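Colleague: One structure follows; several queries about it will come next.
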Amino acid sequence: MYFGKTIWVKPEESRAQQLKTLLHEVAHYYSEGVFQMPRRDAETIAESVAFTIGAHFGFDTGTRSFPYVPLWSEDKKVLEANLAAIRKVSAKIIDGLEQTTNKMARMA
Numbered sequence: 010m011y012f013g014k015t016i017w018v019k020p021e022e023s024r025a026q027q028l029k030t031l032l033h034e035v036a037h038y039y040s041e042g043v044f045q046m047p048r049r050d051a052e053t054i055a056e057s058v059a060f061t062i063g064a065h066f067g068f069d070t071g072t073r074s075f076p077y078v079p080l081w082s083e084d085k086k087v088l089e090a091n092l093a094a095i096r097k098v099s100a101k102i103i104d105g106l107e108q109t110t111n112k113m114a115r116m117a
C-alpha cells in the first residue's frame with residue numbers, strides 16, 4: 010500500500026509477499042505517465058512487473074499476482090497493450106538491483 014511518500018507492507022504477510030508489494034509500488038514509480046494512464050493499465054503494469062522481477066530473483070509471487078492482474082486487465086488485450094511497458098520497467102528495475110548487488114559484493 011502506498012500512502013503519500015511511504016510504502017506500507019503488512020507485517021503479518023510472508024517475506025515474499027512483502028517483497029512483491031514493494032516491487033509493485035516501485036513499479037508504479039518507474040512507470041512513465043503513471044498518473045495519466047487508466048488505473049487498469051497502471052495496476053496491470055505494476056503487478057506484472059512485480060511478478061517478473063520476483064521470478065527473475067527466484068521469488069514466487071504467482072499466488073497473488075495471477076488473480077490480481079485479471080481483476081484489472083479485464084481481458085488479455087489490456088495485458089498485451091502494456092507488454093512493452095512491463096518489459097521496460099522490469100528491465101530498468103532488474104538492472105538497478107543487479108548493479109547495486111554487484112557493487113555491494115565488490116565492497117565486501
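Heads up, the sequence shown is in this note's numbering, so the first residue is 10 and it goes up one at a time. Think of the CB as a built atom: it goes at the ideal place given N, C-alpha and C, for glycine as much as any other residue. Fair warning: this is a prediction, and the values are worked out from it, not measured in the lab.
1) Enumerate in chain order the residues of its own chain whose CB-to-CB distance from Ile62 is below 7 Å, with the five nearest sequence positions on each side excluded.
2) Find out if the Cβ-Cβ distance for the pair Ala36, Ala64 is shorter than 9 Å.
3) Counting along the chain, where does the alpha helix (DSSP H) carrying Phe60 start and finish?
4) In whole angstroms, give me the CA-to-CA distance for Ala93 and Ser57.
5) Once the 5 residues before and after Thr30 are set aside, which same chain residues still bring their CB inside 7 Å of it?
Modeller: According to the structure data:
1) In the sequence shown, the residue the question calls residue 62 occupies position 53. Answer for Ile62: Leu32, Ser99, Ile102 and Ile103, listed in chain order.
2) Position 27 of the sequence shown, counting from 1, holds the residue named residue 36. Position 55 of the sequence shown, counting from 1, holds the residue named residue 64. No. Outside cutoff.
3) Sequence index remark: in the sequence shown, residue 60 carries index 51 (1-based). Residues Arg48 to His65.
4) Position 84 of the sequence shown, counted from the start, is the residue given in the question as residue 93. Position 48 of the sequence shown, counted from the start, is the residue given in the question as residue 57. C-alpha separation (whole angstroms): 11 Å.
5) Reading the sequence shown from its first residue, position 21 is the one you call residue 30. Same-chain partners within the cutoff: Val18.
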